[in-house]
Amino acid sequence: MSVISPAFETPAPIGHRSFYDEGNTLWSWLTTRDHKRIAILYAISITFFFLLGSLAAAMIRLELVTPAGDLWSAETYNKAFTFHGVVMVWFFLIPSIPVTLGNFLLPLMIGARDMAFPRLNLFSWYLFAVGGLFTMAALLAGGVDTGWTFYTPFSTMFSNTNVFLVIIGVFITGFSTILTGLNFIVTTHSLRAPGMTWFRLPLFVWAMYAVALVMMLATPVLAMTLSLIGLERFFGVGIFDPAMGGDPLLFQHMFWFYSHPAVYIMILPAMGVASELITCGARRNIFGYKFMIYAIVGISVIGFLVWGHHMFVSGMSLYAGIVFSILSFLVAVPSAIKVFNWTATLYKGTIDFTAWMLYAIGFVGLFMLGGVTGLFLAATALDVDLTDTFFVVAHFHYIMVGGSVMAYLGGIHYWWPKFTGRMYSAAWARFAAIMMFVGFNLTFFPQYLLGWAGMPRRYHQYDPQYQLLNVLSSAGAAVLGLAYLLPIIYLAWSLRHGAPAGPNPWRASGLEWLTDSPPPKHNFEVTPVVTHGPYQYTP
Amino acid sequence: MNSISHARPAFLEQQFDDPLQQRESSVFGMWAFLATEILFFGVLFLGYAICRWRFPVAFAEAAKHTDLVLGSIETAVLLVSSCVVTIALRDLRLGGRRLAAALLLATAMLGLLFLALHGKEYYDEFHEGLMPGVHYTLAQPHAVHMKLFFCLYYFITLYHSLHVTVGVLLLLAMSWRTFRGGFSADYTTPVEVTSMYWHLVDIVWIFVFPLMYLVGR
Amino acid sequence: MNGPRRKNGRLPVADLLAVLGVLVLLLGASIGSSLVPLGGWNTVVSLVASVLMALTILGFFMHLRHGTVLLRMVAAIGFVWLAILIVITFGDYFTRIPVPPPW
């Protein structure tokens, strides 16, 4: 990738000073401006929130084992799925890949010493933490029952739960997202190494750039919309109040103007990770590099025009519904281009089934299934039947868990040697990846069938004919939960006992593999000079 | 760490190669931040547009209750302050210090004047009973829908005043740093991005003013 | 950034004051027009005045006149996205078929 001599199999110089050696007190971590340390702070925080959200998911699946609403009351169930949604969306999925992998890798991949605004980067983490504290305070104070979408007028006029606290939490976290996006954009524009032109950027960097754009252009809308709910709750009057002529549907427009692009905030980074993993794992240059870039940018732009497909049955205009439906079908085009290009990259490749490659291949399949069912839901007529059924739940979990979480874990496994300088147990990692794939499908595929058969979401009891599939789904959730615990164990084990990784254990191309593992404080001993594109693989 | 051998000025942060790169990054970042601010306020303008489209008569009635004279003066104050901060930045770039610090302070004072005038408006409106949810005494035919206008009026102006307050604090800090000699003709970036923020606060108000004060006159 | 270096855009103080004069004139025109009954055009006129004022500030006080293409794009993108939000949302409201409440 660079004119500097290829660093393949070059052992790290003995006694090299990594960014971990720059101080190990808690204070040194909490005041760091090093993007790599901030990435680790984020990784720890979002893992915590992931476990918290998983507990809520466990509550949901436990309740749904039996048709009767016997384990939790309806209120508790509502609070469980709301908490699951809020925590998983805003405190795990949206930050996940950008703030950990992106924060760590973006400067490395473009040959920079740090982010453009290191202090702002740390400030973003503090905002995230404070927002998380507010959200947890709401949980301790009794929870929230509005669903993660905070639909008015329920959230403004009727809910007696701690909507205000959660909204403050999400509002603050929203600014963490905005500032992270801003940092990524300026960094990508300003700090690229000499010779690193736009069409030499790795696809992961392109994905980070596109997602940063979406973060910046969508999140302010969420912040203001939620603050309108907060003000309405506080003062008892507001613009969504039907009693004085306000329109609750206006809230849905504003909310989904953010929250549909937010889906792309979750999936675009996953696409970037998958592109890096698949090209390295197949040892073939990515097929259609430029088209992958156009597809990323296309998805992020068209993604802003389709929010109305969440509102087909809400009382929105029929004609607007038709336009939104057509635009939603359009998003499938760039997404399909990406899937085709990933499979074309695999074609005639020398595929090495490492754990991260299993995750990447799993990602492509699950993303495709989630995407295709998204087309069902984009069709207005079919959507009327499927709205608010488990079909929708299955659809977005295939995208978000099957897509984003798979890619996140794949990325963690791929870059773990770079993060820590250690190798993990390959066998355990493969086992966990396969177990996760099986558990995931066992959990969520039955939900497609349940939704198709008509089982509505968000009820704590259901008709007995749905029980078999629900039991399967809950069993799958147990498998999935165990599979998620495995990486935590063997990755932690590798920190102490793993074999030293060396700078480039996967023989990957890319600037981040040229420096030591873990990298020194300012990433590169000498600023690299780039002379060719990001992927230099030969089968 | 850096292969660059020439001397690095003290204000240059380690991730940048030279002062120009640092300045351009900061300015670019501020423009990007301003874009997010436009969307942040934009949601309120969307709410305004939809509600006004649904209840044009009520909005025209309600807007008559705002104080046109005070609103116009406030607009003029912000326009003047924008000009003053630009002159301050110009002076700083030409190597000035005392005048720049004084002008930055003057800008902050104009911001405070704006806040004071707006506070006067709020005070009058409270006594007139125009605050839905707090003190609302209107009982004319469209009084219910007029609440929508007042909600938007308070939400928008409160968020705007919040931004003015932040701007005043930033300007005061910049004035102090300028006075203490923290900047030079080569290094004005913090003042520059502060002034950009201040201009944005002005631009938002330029759109608030006709929509809140000039309707139904 | 790879674009040409930004000119520092130092206008003489007299020019800056002239810009301020233009802004105040536009403000006066906006206020004055609002007192003349023009029906729906009142809002159009005052909003056009506001757009001109905003462009004046962006161009002269914020030096966008000398800004790179990139900076102009960043300055514009917030407005463009806001336009998307407003236009598409109105697309719903304009075409909605009123459904009377059942009670």
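Chains A, B and C, in that order, give the protein sequences. Under our numbering, the first sequence has 513 at position 513, and the numbering climbs by one with no breaks. Under our numbering, the second sequence has 1069 at position 69, and the numbering climbs by one with no breaks. Under our numbering, the third sequence has 2061 at position 61, and the numbering climbs by one with no breaks. The beta-carbon is built from N, C-alpha and C at its ideal position, and this holds for glycine as well.
Rounded to whole angstroms, the gap between the alpha carbons of residue 283 of chain A and residue 1175 of chain B is 58 angstroms. The Cβ of residue 159 of chain A sits no closer than 8 angstroms to any Cβ of chain C.
Taking the Cα of residue 2101 of chain C as reference, the smallest distance to any Cα among A:340, A:242, A:252 is reached at A:242.
Look at residue 2095 of chain C: its C-beta is under 8 angstroms from a C-beta on chain A.
In the three-state reduction of the DSSP assignment, residue 457 of chain A falls in the coil class. Where residue 395 of chain A is concerned, the enclosing alpha helix (DSSP H) starts and stops at 390-397. With a threshold of 8 angstroms between beta carbons, residue 2041 of chain C makes no contact with chain B.
Taken in chain order, the members of the stretch 1062-1084 of chain B whose beta-carbon sits within less than 7 angstroms of a beta-carbon on chain C are 1072, 1075, 1076, 1079, 1080, 1082, 1083.
DSSP, reduced to helix, strand and coil, places residue 1030 of chain B within a helical segment of the structure shown. Pairwise C-beta distances place the stretch 521-533 of chain A in contact with the stretch 107-118 of chain A, as three or more of them are shorter than 8 angstroms. Secondary structure within the stretch 272-323 of chain A: the alpha helix (DSSP H) runs of 4 or more consecutive residues, fully enclosed, are 289-302 (chain order). The beta carbons of residue 47 of chain A and residue 91 of chain A sit no closer together than 8 angstroms.
Counting other Cβ atoms within 10 Å of its Cβ, residue 395 of chain A reaches 16 or more and is therefore classed as buried. DSSP links residue 1135 of chain B through a beta bridge to B:1131. Against chain B, the beta carbon of residue 237 of chain A has neighbours under 7 angstroms at 1132, 1133, 1147, 1151, listed in chain order. Distance between residue 1103 of chain B and residue 1188 of chain B, taken at the CA atoms: about 15 angstroms.
With 16 or more other Cβ atoms inside 10 Å of its own Cβ, residue 1152 of chain B counts as buried. Residue 323 of chain A and residue 217 of chain A have their C-alpha atoms some 22 angstroms from each other. DSSP, reduced to helix, strand and coil, places residue 1008 of chain B outside both helices and strands of the structure shown, so it counts as coil.
Residue 1035 of chain B reaches chain C at 2074, 2075, 2076, 2077, 2078, 2079, 2081, counting residues in chain order whose Cβ is nearer than 9 angstroms. Against chain C, the CB of residue 305 of chain A has a partner CB under 8 angstroms away; the residue lies at that interface. Using a Cβ distance threshold of 8 angstroms, residue 98 of chain A and residue 208 of chain A count as a contacting pair. Listed in chain order, the positions of the stretch 1190-1202 of chain B with a beta carbon within less than 7 angstroms of a beta carbon of chain C are 1196, 1199, 1202. Taking the C-beta atoms as reference points, residue 171 of chain A is found no nearer than 8 angstroms to residue 105 of chain A. Of all residues in the stretch 180-199 of chain A, the ones placed with a Cβ closer than 9 angstroms to any Cβ belonging to chain B are 181, 182, 183, 185, 186, 187, 189, 190, 191, in chain order. CA-to-CA, the gap between residue 454 of chain A and residue 335 of chain A works out to about 28 angstroms. Contact check for residue 521 of chain A against residue 22 of chain A passes: the beta carbons are separated by less than 8 angstroms. A check of alpha carbon separations from residue 1036 of chain B across A:81, A:176, A:331 identifies A:176 as the nearest. For residue 522 of chain A, there is no enclosing alpha helix (DSSP H), as DSSP marks it with neither H nor E. In this structure, the CA atom of residue 2012 of chain C is about 58 angstroms from the CA atom of residue 144 of chain A.
Contact residues of the stretch 298-323 of chain A toward chain C are 304, 305, 307, 308, 311, 315, 316, 317, 318, 319, 320, 321, 323 (C-beta to C-beta distance below 9 angstroms). What residue 245 of chain A touches in chain B, judged by beta-carbon distance under 7 angstroms, is 1054, 1055, 1144, 1145, 1148, going in chain order. With fewer than 16 other beta carbons inside 10 angstroms of its own, residue 1095 of chain B counts as exposed.
From the beta-carbon of residue 2068 of chain C, no residue of chain A is found nearer than 7 angstroms; the closest lies around 11 angstroms away.
For residue 2080 of chain C, the secondary structure class from DSSP, reduced to helix, strand or coil, is helix. For residue 1084 of chain B, the CB contacts under 6 angstroms within the same chain, skipping 5 residues up- and downstream, are 1103, 1106, 1107 in chain order.
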